Each structure stands twice: as C-alpha cells, then as structure tokens.
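Per numbering that gives the first Met the number 0, residue 0 is the first one in the first sequence, and the count goes up by one each step.
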Amino acid sequence: MTQFKSELLITLEERGFIKQISKPEALDARALEGPITGYIGFDGTANSLHVGNLTMIMVLRIMQKTGHRPIALMGGGTSMVGDPSFKSTDRPMLTLDDINQNLVGIKSIFAQFLEFGNPDDKNDPKAIMANNADWLCELNYMEFLRDYGVHFSVNRMLSFEGVKNRMDRDQHLSFLEFNYMILQGYDFLELNRRYGCDLQIGGSDQWGNILNGVELTRRVDGKEVFALTTPLLETASGQKMGKSEGNAVWLNEENLPAYDYWQYWRNTEDADVGKFLRMFTELSITEIEKLEKAQGAELNDVKKILATEVTKMARGEIAALKAAETARITFETGGLSADLPSIEIEKSEIESGLGILTALVKAGLASSNGEARRHIKGGAVRLNDQIVKDERLTLMLEHLNEQQVVKLSIGKKKHMLIKPV
RNA sequence: GGGGGGAUGCCUGAGUGGUUAAAAGGGGCGGACUGUAAAUCCGUUGGCUAUGCCUACGUAGGUUCAAAUCCUACUCCCCCCA
C-alpha cells in the first residue's frame, strides 16, 4: 500500500474511496504540486440523481475541499444515443431538449454539494459543469476515425473486462456500444484540452474506459493524465445501494422528502455503518473511529448520527434535524409528529366517506386497491395506530385527531398523514 | 447472403392445445423474532365497482368449442457458415 503525501489522496484513501489508481506515486506528486482538475461523468437520462451517484459526488466534493477543481461532466452526447446495454427496452431516444431539462435538475443537486464557478475563466478554482454534447455532437466521422480511431487497438479493447464478460456469456454487444468506450476516451482528451483536466474518476467498472482516455491523451497530445476508480458500492449483505421500497433514493426534496431520506440512512445495516460514515459524512476520522466502537443496539444511536449528517448535506441542517425529530417522536415515543410526510385530501371527499383502500393508494402506501387489500388481510394496515381489519372501512371526519389529521400506516415503518383541506 | 435456435410476469427460467394469472428460484412487500440491523422462519407478489369480469406469455392476423402452446407474416435477438 502506497503512503500518500497529498491531502487529496490521503483523504480519499482513509475514507474508502480508492480502488485503483493508474500511477499512484505520480498522481500523488502532481496533487502536491498544485491543483488538479478531475472529472466524473454522469448520465443525463433522469432529471435527478440518487444515492447510487452519491459516492461520485462525495469524491468531487473532497477534491474541492482539498483545493482541487472538480468537473461534473454530463453525458448529454452519450445520452442522446441511449445506453444500449438495456436493449430490451426500445426506449425512445432522448431529445436534446429533454437532456438539457434534465441537466437543470441535476445541476441543482450538484449545487448542494459543490461550488460552481465560471467555466470560461481558467483561473477560477471552482467546480465546472460540462456537457459532452458540446463536442461529441460536432464530430465528423471520417476525421474522427483518422485522428483518434487510429490510436485504439481493437485487440486491446476486446481484452477489457466488460467486453470480455459480454463475449464469454455470448451476450450481444453492438458496435454502437463498443464505441462508447472510445467516446469516453475522447471526452478525457477534450477535457484535458479545454480545462487542463488531469484525472478521471469513476466506479471500478469504468477502469478500462478510463484507461482508454489516459492512453489517448498520452498518444495524441503527449500529456500524462490519471485514472482513479472507487469500489463498487454494495451493502454488507450484497444488495445494490440506492433502492428503497423498489424506488430510487433521490437526492432532491421534490422526489423524496427529507424524512424518507433520513429513514433510508437510519435503516443502514450494522456492518455498513462505519463505511457509510466515512464515505458520506464529513465527521473527522477520529470521531468516526470512536462511533464505530458501538456494539449491538448501541449502533442505533450511531445510525441516527449517520442519518442526520448525511441528510444535512443533501437537504440542509434544518431539514435534517426536523427529520430526526420526527423519527424520534414517531418511533421512540409512539407519538404523532405533524411533520411526517403527508398528503392533502379534499374535505368533501372525506365527508362523503373515503374508502380505506382508496386512501392507502392515494397516500402512496399501496400501488393498487388489490395491494391495499392484501395488506389489510395481512394485518399490516393501521389507522391512527389501530389495526384495520375491515377493508370496507371508510374514513370519516371522526377519524381526525386533535391535530386534524389522520395517520395511516403500513407496517411499522411507513407512515403518512392525511390532511383534509 | 445461407442454415439453425430463441422472444414468457420486476429478473432468471419451466411450460408445447383445455385442470395456466402461468412451475421453480431470485428480488420486492408484509408478519414473527429483534435493536427502525443482519440472519432465520411464515405469508404475499397483474388489475377491477370481485364467488364474477378484464388484461397478460415479442407484434399483427388465422385455425379451433378452447391457444403461451398449432399455422402465416412481421420485428428483434443469439449461434454456425459466407
């Protein structure tokens, strides 16, 4: 294991962000010399980002905090093609408009984590948001082939892990998709030319693609740039990160209320607590080491700290503390917090008798009447903390409590308030 | 371009005329146990105004009392040869 000297690599290392580095010593030395410009690519296919992207965002944030310049590269160009690896879906190609609209949403999330500056000012040390559509869409095929295609060895590309796997499993790999890695390599070269970018960071599955860019930049412009990958993030029990109730855990309030975001982190597995504290909070390492000593049920308090810290960053301190308090009231005192996620329903609808099934669906606790019915049968549904046994029960104004709301729950963890208006 | 194989529910994958809303596993969800954890066990997993009805086995037609299952065309994928 290399002993790093630069604050950047030391921090990334101790927080568990490093899986592989192309030339660790040289990169370390470069980081000591002066600010590095590093980039990570993000998909522009959704209007938001989720917990699965958080690792990358945190790496960019660490770059900025240690005095380097991060670039968030939107895959506007590559999204136009659509990722062909999901070949079953025949999904419509995203238009430039869609992508640009998505980028607006994504940018607002980044703004929570990074400080952006003026991309045209070479001396502005703040973060940059770039879009590869700006250069990929203007490429001329013949020129591109002659200028850059010549530097790619098919033999070599075939030997990359990702490609090899596909071949071994006899899985279709289109030429389009094969070109992905070339375009990504070109991105690196282009970012180096535009912003002096010397580092590309990505998930460990990106290793081969990143190296292509490193190679290309060296061959074409004779510049040395670096690759760094982060470990693939899974929970200790091997689940993919970032799904809760089958839905993505979004980083923005509009897609997921702070309370639910807080809950996601509160429900972290014991074995992941230390890892997550390191990666997703900015508590000091000594502090984290202290917290990690907690055993068994004591870990519950540490999980609360984790949840609050992580929520602070994405949603701000006020929202985080409020979420923590709401959870405390709900789970620890059995009381009713008015800050639980809620929906508003017309008062007249309740007056005329709102079926419990419909209410559950409206509250988003069940996706269909059938599912709501099954939950009632399974004894999972509660109305104001009373188990509901009758699926024909109707909500009436008498069900409103002192605070003029009705609390609907499914299971022990999911609660919604219904507010008549 | 020639020959062969295939497309099934969230995913993998059985099913080759009626008993099939479709085996099995995974995943999801709920329950028990706990610590709002993991592991384990149990239940559940198309929709509806529900002893019935509708939608569903790549797409469009056809045969049949009856089709995921048979026929025709189309689309897409895989393999072998060129």
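Glycine is no exception: its CB is placed at the ideal position from the N, C-alpha and C atoms.
Quick caveat: nothing in here was measured; it's all calculated off a predicted structure.
For Met180, the enclosing alpha helix (DSSP H) has its first and last residue at 174 to 194. Under the three-state reduction of DSSP output, Thr393 falls in the strand class. The beta carbon of Trp264 sits closer than 6 Å to the beta carbons of Leu305, Ala306, Val309 from its chain, once the five residues preceding and following it are set aside; these are given in chain order. Given a length threshold of 4 residues, each whole run of the alpha helix (DSSP H) inside the region 300 to 371 is given here in chain order: 316 to 326, 346 to 350, 355 to 361. Annotation for Lys106: the continuous alpha helix (DSSP H) segment containing it runs 95 to 112. For Met141, DSSP records no beta bridge to any residue. Within the region 247 to 311, the alpha helix (DSSP H) runs of at least 4 residues that lie entirely inside it are, in chain order, 257 to 265, 272 to 279, 284 to 291.
Following the DSSP letters along the chain, one finds Lys64 inside the alpha helix (DSSP H) bounded by residues 53 to 64.
Cβ neighbours of Met415 within its own chain (closer than 8 Å, five residues either side excluded): Leu339, Pro340, Ser341, Ile342, Ala362, Gly363, Leu364, Lys406, Leu407, Ser408.
The C-beta distance from Ile209 to Gly201 rounds to 6 Å, short enough to fall under 8 Å.
Taking C-beta atoms under 8 Å as the contact rule, Gly37 and Leu198 qualify, at a distance of about 4 Å. Taking C-beta separations shorter than 8 Å and ignoring five residues to either side along the sequence, the partners of Asp123 in its chain run Gly116, Asn117, following chain order.
Between Lys346 and Asp389, the alpha-carbon positions lie close to 23 Å from each other. With contact defined as three or more Cβ pairs closer than 8 Å, the region 258 to 275 and the region 348 to 358 are not in contact. Annotation for Arg29: the continuous alpha helix (DSSP H) segment containing it runs 23 to 32. With respect to the 8 Å criterion, Ala30 and Leu7 are classified as neighbours on the basis of their beta carbons. In the structure shown, the three-state DSSP call for Val224 is coil. The beta carbon of Gly195 is closer than 6 Å to those of Thr36 in its chain, skipping five residues each way along the sequence. Of the other Cβ atoms in all chains shown, fewer than 16 fall within 10 Å of the Cβ of Ile317; this residue is therefore exposed. Under the DSSP definition of a beta bridge, Pro69 partners with Gly37.
For Phe3, the number of other beta carbons within 10 angstroms of its own is at least 16, and it is reported as buried. Shown here, Val380 sits in a strand according to DSSP, grouped into three states.
At the C-beta level, Gly66 and Pro34 come within 8 Å of one another.
For the set Gln205, Val248, Tyr185, Ser203, the Cα lying nearest the Cα of Glu214 is the one of Tyr185.
According to DSSP, residue pairing for Gln19 in a beta bridge involves Thr228. In this structure, the CA atom of Leu231 is about 23 Å from the CA atom of Asn178. Assigned with DSSP and collapsed to three states, Asn46 falls in coil, not helix or strand. At least 8 Å separates the beta-carbon of Leu255 from that of Leu48.
Going by DSSP, Asn154 is part of the alpha helix (DSSP H) stretching over 153 to 157. When the beta-carbon positions are compared, Phe187 and Thr216 come within less than 8 Å of each other.
Here DSSP, grouped into helix, strand and coil, assigns Ser78 to helix. Note on Glu189: 16 or more other CB atoms within 10 angstroms of its CB, so buried under the neighbour-count rule. Note: Gln199 is bridge-paired with Tyr38, Ala226 in the DSSP secondary-structure output.
No Cβ-Cβ contact shorter than 8 Å links Phe16 with Ala71. Ala126 sits in a strand when the DSSP states are folded into three classes. Using a Cβ distance threshold of 8 Å, Ile349 and Leu396 count as a contacting pair.
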